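Take the sequence shown: its letters are residues 1 to 455, numbered as in full-length UniProt numbering.
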Amino acid sequence: MRLQTRDLLPISPRAGRMGPKRISPPGLLIEGFCILIVLGTCLLKLPWATEIPVTWLEAAFTATSAVTVTGLTVVDTATEYTLFGQIVILLLIQLGGLGLMTFAVLTAMALGFKLGLRHHLAAQEAFNEITLSTTKSAGTSIAIFALSAEAIGLVILAFYFVPEKGWADGLYQALFYSVSAFNNAGFALSPDSLSAYVDNAGVTLTVTGLFIIGGLGYLVAREVFENRGFSGLSMFSRLILTSTLVINLAAMALFLLLEYGNPGTLGALDSVGDKLLAAWFQATTTRTAGFNSVDIGALTAGTSVLFLLLMFIGGAPNSTASGIKLSTFLVLLSATRAFLKGNLTATMGRHSLSRETVLKALAVTTLAMVVIFLGVLGLSISVQGDFLDIAFEVVSAFGTVGLSRGITSELGAPGQLIIMVIMLVGRVGPLTLGYMLTMRRKSLIRYATTEIPVG
């Protein structure tokens with residue numbers, strides 16, 4: 001039965017031609033993020049938000065980094081911002097993370113995305129079949145999911161922070177890190193992030209659990225909760241969970257191999273257990289969370305290149321993570337495997353992938369590479385620095401990871417503006433592009449086939 005249209009969101013492109021101008025969902029998303037950034041910039045520029053006055057550009061950079069849940073900073077969060085300023089940053093992180101996750105889930109629902117969650121929406125145009133009641137219900141469910149995960153993280157982290165820092169500061173830091181971790185933001189209340197807890201399994205594993213859950217997304221997490229078993233999950237959820245585990249373990253093994261004897265990172269740790277814990281944390285946080293428990297600037301060149309790949313891939317769709325997304329990467333691998341085997345159709349989990357899905361993955365990846373190339377080019381012109389450091393900064397900004405090899409504070413005004421644009425594009429770009437690619441009108445024109453040499 002079709003949903004009632006009395007209270008539909010007034011954002012249909014078709015309806016816009018017959019009445020007042022409507023805002024498309026991608027436009028609404030970008031507009032909302034820009035409003036948050038402007039509001040956050042104004043609040044962070046207030047005299048009582050900082051210990052030392054910051055420039056408008058520095059305030060805008062911090063606000064952009066918080067709203068896009070990146071974590072790159074030109075002003076140290078712990079020492080330069082007051083409690084009021086830190087709370088503003090925390091609210092921007094929460095609104096930015098929940099806002100994009102809600103938009104992503106609603107888009108997936110509107111496009112008939114089924115994960116065994118009893119959502120049976122088959123929209124003719126995205127959001128044209130999403131009622132206000134549906135929007136409110138989905139938004140409430142996502143908020144409950146996020147706040148519940150953050151509350152659990154707060155309680156666990158408080159057991160470690162309160163004895164060390166006292167009740168007030170301990171609870172506040174537990175809250176800050178819980179929200180920052182779940183939203184994959186990477187903001188920390190220490191200049192060296194979580195390096196002081198590199199050998200603390202409780203803090204490390206709790207933070208890891210929070211950003212992995214946030215990086216899996218609401219739809220996958222809800223399906224796991226409803227089914228309470230791996231076999232009953234949809235193919236998509238099984239694929240995301242399995243590939244997440246495989247990539248994390250592979251990254252951990254490579255990190256151990258490359259950094260085990262490095263005195264600037266794992267080599268400085270005494271026990272094998274501490275090395276394993278640090279390797280797990282740093283390998284998993286690199287895909288989008290952005291915390292660090294070892295000195296990123298001391299990484300070997302090989303590890304830095306590995307991190308470039310992990311940051312580029314990112315997390316799962318409809319989550320707090322960014323990058324091209326894990327599913328996009330898997331589609332590209334499946335298409336490549338199909339071509340090498342001489343198959344006409346790419347397959348994944350005993351399912352054939354549509355030609356449109358493969359083309360969409362290619363489009364998202366190509367445009368991501370164009371953005372990164374332009375960012376590296378622009379930053380190379382405006383900043384005098386090592387090429388690997390510059391490339392690392394740009395990919396980290398695009399993947400909204402927040403890790404840096406130490407050049408963020410040296411960017412200057414042009415470099416900061418470039419990174420701000422890349423952070424915003426990296427956060428809203430892939431989802432916006434995927435929406436537009438899905439909802440574009442298909443052409444009925446067919447041209448004669450031709451062959452062009454490739455490779």
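Virtual Cβ for every residue (Gly too), placed ideally from N, Cα, C.
Because the structure is a prediction, the values reported are computed rather than measured.
Should asparagine 343 be labelled buried (16 or more other beta-carbon atoms within 10 Å of its own) or exposed? The residue in question, asparagine 343, is exposed, as its Cβ has fewer than 16 Cβ neighbours within 10 Å.
With DSSP as the reference, label serine 231 as helix, strand or coil. In this structure, serine 231 counts as coil in the three-state DSSP scheme.
**Asked** So, do the region 173 to 184 and the region 238 to 247 have three or more beta carbon pairs nearer to each other than 8 angstroms?
**Response** The region 173 to 184 vs the region 238 to 247: no contact.
Exercise for the section: Within the same chain, show all residues whose beta-carbon is closer than 8 angstroms to that of arginine 238, passing over the 5 residues directly before and after it, in chain order. Expected result: Contacts found: Phe230, Gly349.
Practice item. Could you check what DSSP says for threonine 449 in three-state terms: helix, strand or coil? Key: Threonine 449 sits in coil when the DSSP states are folded into three classes, being neither helix nor strand.
Exercise. For the 8 angstroms Cβ check, are there 3 or more pairs between the region 303 to 321 and the region 386 to 399?
Worked result: When Cβ pairs closer than 8 angstroms are counted between the two stretches, the region 303 to 321 is seen to touch the region 386 to 399, the count reaching three or more.
Next on the checklist: Taking 8 angstroms as the threshold (C-beta atoms), are asparagine 200 and alanine 289 in contact?
Outcome noted: Going by beta carbons, alanine 289 and asparagine 200 fall outside the 8 angstroms limit.
At a threshold of 7 angstroms, does valine 88 count as lining the ligand COA (C-beta to nearest heavy atom)?
Ligands are entirely absent from the displayed structure, and the ligand COA is therefore not among its contents.
If you follow the alpha helix (DSSP H) that lysine 360 is in, where does it begin and where does it stop? It spans 355 to 382 - the alpha helix (DSSP H) in which lysine 360 sits, taken as one unbroken run.
Point to revise | Anticipated Cβ contact below 8 angstroms, leucine 258 with threonine 320, distance rounded | key: Actually they do not touch by this definition, with Cβ atoms about 28 angstroms apart.
- Who does threonine 347 pair with in a DSSP beta bridge? Secondary-structure assignment with DSSP links threonine 347 through a beta bridge to Ser352.
From arginine 222 to serine 148, what does the alpha carbon distance come to, in whole angstroms? Cα-Cα distance, rounded: 12 angstroms.
Review point. Ordered along the chain, which non-local residues of its own chain (more than five positions away) have a Cβ less than 6 angstroms from that of residue 459?
Key: Limits of the chain in this structure are 1 at one end and 455 at the other, which puts residue 459 out of reach.
inquiry  = Quick check on glycine 153: buried or exposed, where buried means 16 or more other Cβ atoms within 10 Å of its Cβ?
reply    = By the neighbour-count rule (16 or more Cβ atoms within 10 Å), glycine 153 is buried.
key: DSSP state of threonine 284 mapped onto helix, strand, coil   = Here threonine 284 sits in helix by DSSP.
message = Between which two residues does the alpha helix (DSSP H) holding arginine 337 run?
response = Start and end: 326 to 340.
Candidates Gly261, Thr73, Leu424: closest to leucine 403 by CA position = Nearest of Gly261, Thr73, Leu424 to leucine 403, Cα basis: Thr73.
**Asked** Count the other CB atoms within 10 Å of the CB of histidine 120; is the residue buried (16 or more) or exposed (fewer)?
**Response** Below a pLDDT of 50, predicted positions are generally treated as unreliable, and histidine 120, at 35, falls in that range; the measurement from the model is reported next regardless. Result: exposed.
So what does DSSP say about threonine 303, is it helix, strand or coil? Threonine 303 sits in a helix when the DSSP states are folded into three classes.
Taking leucine 359 as the reference, which of Leu46, Thr328, Lys165, Thr242 has the closest Cα? The option with the nearest alpha carbon to leucine 359 is Thr328.
Check your understanding: Counting pairs of beta carbons, one from the region 366 to 381 and one from the region 416 to 427, are three or more of them closer than 8 angstroms?
Key -> The answer is yes - the region 416 to 427 touches the region 366 to 381, with three or more Cβ pairs under 8 angstroms.
Rounded distance between the beta-carbons of glycine 215 and alanine 316, thought under 8 angstroms
So it is a contact: roughly 6 angstroms between Cβ atoms.
Practice problem: Mind checking which residues open and close the alpha helix (DSSP H) that includes aspartate 389? | Solution: Start and end: 387 to 398.
query: Nearest to leucine 367 by alpha carbon, out of Asp389, Val425, Ala346, Pro414?
result: Nearest of Asp389, Val425, Ala346, Pro414 to leucine 367, Cα basis: Val425.
Practice problem: Could you tell me which residues DSSP puts in a beta bridge with tyrosine 81? | Solution: Residue pairing by DSSP places tyrosine 81 opposite Thr50 in a beta bridge.
* Using the C-alpha atoms, what's the distance from alanine 181 back to valine 207? -> Valine 207 and alanine 181: Cα-Cα distance of roughly 6 angstroms.
*Best match in Ala188, Glu31, Leu194 for proximity to glutamate 80 [C-alpha to C-alpha]*: Closest by alpha carbon: Ala188.
Would you mind sorting valine 401 into buried or exposed? The rule is 16 or more other CB atoms within 10 Å of its CB. Result: buried.
- Query: Can you tell me the Cα-Cα spacing of glycine 35 and glycine 264, whole angstroms?
  - Reply: It is worth fixing the name first, because residue 35 is isoleucine in this sequence and not glycine. Distance between the alpha carbons of isoleucine 35 and glycine 264 is about 41 angstroms.
Cβ neighbour criterion (16 or more within 10 Å) applied to proline 26 = Around the beta-carbon of proline 26, 16 or more other beta-carbon atoms lie within 10 Å, marking it buried.
Practice task
Starting from the C-beta of alanine 448, find all residues in its chain whose C-beta is less than 6 angstroms away, skip the five residues before and the five after it, and write them out in chain order.
Solution key: In its own chain, leaving out the 5 sequence neighbours on each side, no residue places its CB closer than 6 angstroms to the CB of alanine 448.
task: For methionine 423, count neighbouring C-beta atoms within 10 Å of its own C-beta (all shown protein chains included) and say buried if the count is 16 or more, exposed if not.
output: Looking at its Cβ environment, which holds 16 or more other Cβ atoms inside 10 Å, methionine 423 is buried.
Checklist entry - Can the beta-carbon of tyrosine 218 be found less than 8 angstroms from the beta-carbon of phenylalanine 281? => result Result no, Cβ atoms of tyrosine 218 and phenylalanine 281 do not sit closer than 8 angstroms.
Exercise for the section: Check tyrosine 260 in the structure and name its three-state DSSP category. Expected result: In the structure shown, tyrosine 260 sits in coil (DSSP, three-state: anything other than H, G, I, E or B).
Worksheet item: Measuring CA to CA, which of Phe103, Leu388, Ala335 is closest to leucine 405?
Response: Per the sequence shown, the amino acid found at residue 405 is arginine instead of leucine. The shortest Cα separation from arginine 405 among Phe103, Leu388, Ala335 belongs to Leu388.
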